[in-house]
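Below is one structure, written out as structure tokens; comments come after it.
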Amino acid sequence: GGGGGEASDSDITISFRPKMPLMAAETVQLVLGEFESSIDFIERSVQSIPQGAFACASWSEALKQLTLTLGSDIAADQQVTVLLPATAGLRRIAPAGPPA
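For the sequence shown, the positions run 2 to 101 when the numbering used here is used.
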């Protein structure tokens with residue numbers, strides 16, 4: 002077995018509970034300072050729980066901001082999860098220095 006020491010790209014899962022109801026076609030902005038991408042992107046194949054909760058996601062590297070466009074209504078305080086495929090290009094920034 003074994004392999005390179007490089008961190009492999011992996012799918013990213015983000016879960017949150019909206020404080021108020023969200024309607025289809027609205028957008029939610031999440032600032033994710035611990036993530037980075039070499040380019041801004043729009044990802045149209047996001048998976049979500051519940052199914053269809055999000056239609057697409059877009060990333061602004063300058064703002065470190067992920068914008069999620071809703072595909073269906075979501076009730077307040079309902080846990081929602083969005084799954085970004087590794088192919089989107091977003092990745093967690095490696096921590097500086099040796100691991101503790």
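Ideal placement from N, C-alpha and C gives every residue a C-beta, glycine not left out.
Taking the alpha-carbon positions, what's the P96 to G34 distance? For this step, residue 96 is matched to residue 95 along the sequence shown. For this step, residue 34 is matched to residue 33 along the sequence shown. Those two C-alpha atoms are separated by around 12 Å.
With a 10 Å radius around its C-beta and 16 neighbouring C-beta atoms as the bar for buried, classify A77 as buried or exposed. Residue numbering aside, residue 77 sits at position 76 when the sequence shown is read from its first letter. So A77 counts as exposed.
CB of T14 within 9 Å of CB of T68, strictly: Within the sequence shown, residue 14 is the residue found at index 13, counting from 1. Within the sequence shown, residue 68 is the residue found at index 67, counting from 1. The answer is no: Cβ separation not under 9 Å.
Taking the alpha-carbon of L31 as reference, which of E62, I94, P86 has the nearest alpha-carbon? By one-based count along the sequence shown, residue 31 stands at place 30. Nearest option by C-alpha distance: E62.
Taking the C-alpha atoms as reference points, what is the distance between Q66 and R45? What you label residue 66 is simply residue 65 of the sequence shown in a count that begins at 1. What you label residue 45 is simply residue 44 of the sequence shown in a count that begins at 1. Whole-angstrom Cα-Cα distance: 16 Å.
Between the beta-carbon of V83 and the beta-carbon of S16, is there less than 9 Å? Locating residue 83 in the sequence shown gives position 82, counting from the first residue. Locating residue 16 in the sequence shown gives position 15, counting from the first residue. Taking the C-beta atoms as reference points, S16 is found nearer than 9 Å to V83.
Straight-line CA distance for D12 to L23? By one-based count along the sequence shown, residue 12 stands at place 11. By one-based count along the sequence shown, residue 23 stands at place 22. One C-alpha to the other measures close to 25 Å.
What did DSSP end up calling A58 once you bin it into helix, strand or coil? For this step, residue 58 is matched to residue 57 along the sequence shown. In this structure, DSSP gives A58 an extended state, which the three-state scheme calls strand.
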